[in-house]
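Order-wise, the sequence lines are chains B and E. So in the numbering used here, the last one in the first sequence is 1010, and the numbering has no gaps at all. So in the numbering used here, the last one in the second sequence is 1010, and the numbering has no gaps at all. Beta carbons: idealized from backbone N, C-alpha and C, even for Gly. Here's the structure we're looking at; comments come further down.
Protein chains: 2
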Amino acid sequence: MTSGSSEKSAAKDSTGSPATGLGGGSGMQLIVPLQGVVQGSGGIVLGSLIPCALFYVLQLYLKRNRSPSPPPSPSDDGSWETHAISRSPSRNVLSPRGSSGHAAVSSRASSIAKSGGSPYFVGSRKCSEDPYHPIDNPDGVIQLGLAENHLSLDLIGDWLAKHMKDSVLNEQRGLGGLSISRLAAYQPFDGLMELKMGVAGFMGQAVGGSVSFDPSQIVLTAGATPAIEILSFCLADPGNAFLVPSPYYPGYDRNMRWRAGIELIPVPCRSMDNFVLNIALLERSYNQAKKRGVKVRAILFSNPSNPVGNLLSRETLHDLIDFATEKNIHVIADEVFAASTYGNEEFVSIAEVMNTHEFDMSRIHIIYGLSKDLSIPGFRIGLIYSFNEHLLAAASKLSRFSSVSVPTQHLVISMLTDTKFITEYIKMNRERLRVMYELLVNGLQQLGIECAKSSGGFYCWADMSKFMKSYSEKGEFELWKDMLNLAKIHATPGLACHCIEPGWFRLCFTTLTQKDIPVVIERIKRVTYRH
Amino acid sequence: MTSGSSEKSAAKDSTGSPATGLGGGSGMQLIVPLQGVVQGSGGIVLGSLIPCALFYVLQLYLKRNRSPSPPPSPSDDGSWETHAISRSPSRNVLSPRGSSGHAAVSSRASSIAKSGGSPYFVGSRKCSEDPYHPIDNPDGVIQLGLAENHLSLDLIGDWLAKHMKDSVLNEQRGLGGLSISRLAAYQPFDGLMELKMGVAGFMGQAVGGSVSFDPSQIVLTAGATPAIEILSFCLADPGNAFLVPSPYYPGYDRNMRWRAGIELIPVPCRSMDNFVLNIALLERSYNQAKKRGVKVRAILFSNPSNPVGNLLSRETLHDLIDFATEKNIHVIADEVFAASTYGNEEFVSIAEVMNTHEFDMSRIHIIYGLSKDLSIPGFRIGLIYSFNEHLLAAASKLSRFSSVSVPTQHLVISMLTDTKFITEYIKMNRERLRVMYELLVNGLQQLGIECAKSSGGFYCWADMSKFMKSYSEKGEFELWKDMLNLAKIHATPGLACHCIEPGWFRLCFTTLTQKDIPVVIERIKRVTYRH
């Protein structure tokens, strides 16, 4: 759930709202998205003004379209947040005066509470208010914004129906008194060793057996979102920065800024390179940060990438590590889609590169989780995999703030030790992802929409720039509005992902069925005709 | 688990280690514990020097007694942390040079990684290395430091054996495809409404039906530890302070300082008042903080109190709220032991007081959880209950970093809706707590050890000052050492709880059986003879 999930508030950050930027320096980041488009001496000025103006327009739009007291609405990964607390009148409790009074919360909480006006939020709310259903609500809004995989949920459901009883129940039945205490009592906050072993094995299968992961290098957390927050907190101090090749997963902004106070510096990648990172660009962003006195502490990237879906080659990974070594900074590889690849291209984990390369491993850290690759985001299982003892020591202490429930740990231990099931699951899931990906990409092609070359993830990254009225962020924003209101499709605009080129959209296909694809294509057609 | 759990690193804070103080101003806090003992003009100087000297002695002691590479050791609530990562040689991964290298982590992570040399840590490690067992290891170390309730685990175990299958399994079987997605897919990060309703009902039962709690005012988190961290983050900015009547639960230091960066100011309570808060003392501490430019944002207290076990009267609660209203600050009531009361005295929740009092409710916040009152710390279920909409909005967004696993939520929903079971459980558990409390207190009395008047919690608060060689923190420290090494009993010294009077110890009785009590008394006798 690191990549692809919950972009709600983060997407607001991505529009450049200074209100949500906790890490400072957000003013500078406004400049970056348009830096490549508006080059030259006027670039800085125009690059600053245009996003500000756009943001103003966006705020106006959102203000008009927001109901005075919105109901609880889905966050990016289908989660609901309590926006307007509609209190049911409980006995007496609400009678005293002052129920409308408001002792001030902290300024950092105030920023967080206010966040939530992003395109993502608006789209998600529309999805939850008027959800598409082929029979019950064929005119509803189609959810292409949520990176959640429903394609293989039946496999998980079947396994649970067969084994849930044995896995958790026997655990506590079999061993009498001892066992209920194993289930209910305090356990290591950073996860049971059996689960670490199970997940290490799963990670090994996810990367095709090319690496063996060591369970003692794992800290488990309640999802990959807290894993990346804890890791970031431990690698950088407030005001430090991470370099992040863009377009990137919008949730990163929230995960690193809100509490860890870290600035993210997008390193703009381009369509001509299929949005793959170029070390020269990395160098330039690094030097720019240095010039303005910002300490860069790490490079963060997702592989398979979110939102593009491409894979980093062994050579690029080598280059990245060399760059990090030269600058003495950390490398964070978010590999939450490692087992969700479907092309012929080989996925290479950074852990594999390390086997063949000479360098200080203590700067390499991997984020992983079972939300994407095992389709169980509700279970909340994520992890930090690191080669740095100090990092592991600190992170395991911080894991007390984000532990995985023990009954769930036992359930997943059982699932992961059923290696026959896991092997089949990964294989079938890959095949299903491939089929859906090809169906959607082919459908889009019929409309003249090309997608970036993609080999992993739950989405395609579609170039819809030709349908914009103007080649600009404003044009993209208008197109996003039309997608939502005319096509009734909730998609993630490139702007939310800090994409330097306007007109790209991330379209998630994993909550759809094959029969929904023609409907999606038909809907998108409405927008292409109009433009 | 807020109160009573995991004091490992926090207890180090309590010794005054500047290394772990993230919130700044920790130097000032060194002064407070001895301020009452060393009064007058020399108080400030002596109050600063004595704890520093003691801390130095403690460090020396720990250094000598620490093995060069300790095995994973239990943290305060029985959790193990990866201190020395003993890596098993995984295939190839460890071959490159630099495996011993260390890219630096952040300075805040460095402090956290280094923490862990507290008396609590030392005692917990001894417990895990050499655990007492009446038959298998009768000379082992007895665990009186862990606030975990084993007295009623059999009731939970029986319920699970009977109902676990129905509760989670039927959930996903009964409704077909829809239901596996309810179990595995993203759900609201701040908890399912059904669980909020169940917990609200449980809270109502815990306080004897005097209040009805409103589910829409709840944000669920993975335990009360993250609940209190998130709440603190939202009520105060870095460098702000909370007033905390002492002795207090040592884990507060860690929970508020590590990531939220909040300073805790102990407000010293005394044995002559049974350690109950006095508003004049609160006023003094508030003014002292103001004088040194520190902004106080809240009063934090546990009720039933941890470590004393006393209950705050309705009048004291009124006074506290009046004080908070006058100063325009927040009130945080940690009520995690609300259903674990056993005396004749009535427990009054702050939520109840609000029904009869006129003031701004938006400054009142309650911390609760099921780890203590339902004996299921492994399930990781805690919550913030607040009357402040802005707080709830921010906290529900931050709950994505600490969500409760959905299968566990369904399991607990079933348990909590079995109201007959819950009513019986609370009743039987209270009775079992009472019996054990009285056995231990009577046993201690035979040794001439008096306990503070206590009506709740898993512990008694014992005055062992007469056995100290000197009436000082050093005397307490020596006694703690003798308790651990001679009596082979792991107990929490008052120093760790910021107690102003030396010689008090918290002794948890809920992991014992009745047969263990005479053994404990016999063991403690060893120490009383010696002194």
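If you measure from the beta carbon of B:S603 to each beta carbon in chain E, is any gap under 8 Å? no
Candidates B:S585, B:A874 and B:H869: which alpha carbon is nearest B:D669's? B:A874
If you pair each beta-carbon of the stretch 629-644 of chain B with each one of the stretch 828-844 of chain B, do three or more pairs fall below 8 Å? no
For B:A759, the three-state DSSP class (helix, strand or coil): helix
Residues of chain E with CB closer than 7 Å to the CB of B:I591, please, in chain order. A873, K876 and L877
Look up B:E837 in the DSSP assignment and say whether it is helix, strand or coil. coil
Beta-carbon neighbours of B:I635, restricted to chain E and to distances below 8 Å: I659 and A663
Euclidean distance between Cα positions of B:M682 and B:V832: Going by the C-alpha atoms only, they are around 15 Å apart.
Which word fits B:Y1008, buried or exposed, when buried means at least 16 other C-beta atoms lie within 10 angstroms of its C-beta? exposed
Note down, in chain order, every chain E residue with its Cβ under 9 Å from the Cβ of B:N964. By Cβ distance, chain E contributes nothing, its closest Cβ being about 25 Å from B:N964, past 9 Å.
Taking just the CA atoms, how far does E:S711 sit from B:C930? So the alpha carbons of these two residues sit roughly 45 Å apart.
Using a Cβ-Cβ distance under 8 Å, would E:N867 count as near chain B? Interface residue, yes.
According to the Cβ coordinates, are B:Y728 and B:L743 closer than 8 Å? no
Quick check: the stretch 947-954 of chain B against the stretch 690-704 of chain B, are there 3 or more CB pairs under 8 Å? Below 8 Å, too few C-beta pairs join the stretch 947-954 of chain B and the stretch 690-704 of chain B to call them touching: fewer than three.
6 Å CB neighbourhood of E:T887 in its chain, flanking five on each side removed: F858
Counting only the same chain and skipping the five closest in sequence on each side, list residues whose C-beta sits under 8 Å from that of E:F937. Answer for E:F937: G483, A626, E627, N628, F816, S819, K851, L912, C987, F988 and T989, listed in chain order.
Inter-residue spacing [alpha-carbon to alpha-carbon] between E:Q622 and E:Y916: 16 Å
Note down the Cα distance separating E:A706 from B:S882, rounded to an integer number of angstroms. 12 Å
If we cut at 8 Å on Cβ distances, does E:R911 have a partner in chain B? no
Give me the Cα-Cα distance between E:A803 and E:R661, rounded to the nearest whole angstrom. 43 Å
With H, G and I counted as helix, E and B as strand and the rest as coil, what does DSSP make of E:I860? coil
Please report the distance separating the alpha-carbon of E:R776 from that of B:S585. 9 Å
Tell me, to the nearest whole angstrom, how far the beta carbon of B:I778 is from that of B:F721; I am working on the premise that it is less than 8 Å. 7 Å
Step through the CB atoms of chain B and report whether any lies within less than 8 Å of the CB of E:L991. no
Chain E contact for B:G702 (CB, 8 Å cutoff): yes
Using three-state DSSP, classify B:S850 as helix, strand or coil. coil
Output, in chain order, the set of chain B residues within a Cβ distance shorter than 7 Å of E:G842. Residue identity differs from the one stated: residue 842 of chain E is Arg in this sequence, not Gly. Result: A582.
Within chain E, partners of B:T887 - CB distance below 7 Å: Ordered by position in chain E, the residues that pass the 7 Å Cβ test against B:T887 are S884, P886 and T887.
For E:R576, does the three-state DSSP call read helix, strand or coil? The predicted model places E:R576 with a pLDDT of 35, which falls under 50 and marks its position as unreliable, so this point remains unresolved.
From this set, E:M962, E:V698, E:E608 and E:G718, which residue's C-alpha is nearest E:N867's C-alpha? Considering only alpha carbons, the answer is E:V698.
Three CB pairs or more closer than 8 Å across the stretch 956-965 of chain B and the stretch 755-762 of chain B: Too few Cβ pairs lie closer than 8 Å, so no.
Over the uninterrupted beta strand (DSSP E) stretch that includes B:W940, give me the two end residues. Y938 to D942
Would you mind working out which of B:K605, B:Y599, B:N964 and B:A685 sits nearest B:G848, comparing C-alpha positions? The shortest C-alpha separation from B:G848 is found at B:A685.
Taking the beta strand (DSSP E) that E:S893 falls in, what are its first and last residues? It is not in any beta strand (DSSP E) - E:S893 instead sits in the alpha helix (DSSP H) that spans V885 to T896.
Residue-chain proximity (B:S585, chain E), Cβ-Cβ < 8 Å: Taking a beta-carbon distance threshold of 8 Å, B:S585 counts as an interface residue toward chain E.
Can you pull the DSSP bridge partners for B:H869? Looking at the DSSP assignment, B:H869 forms no beta bridge with any residue, so it has no partner.
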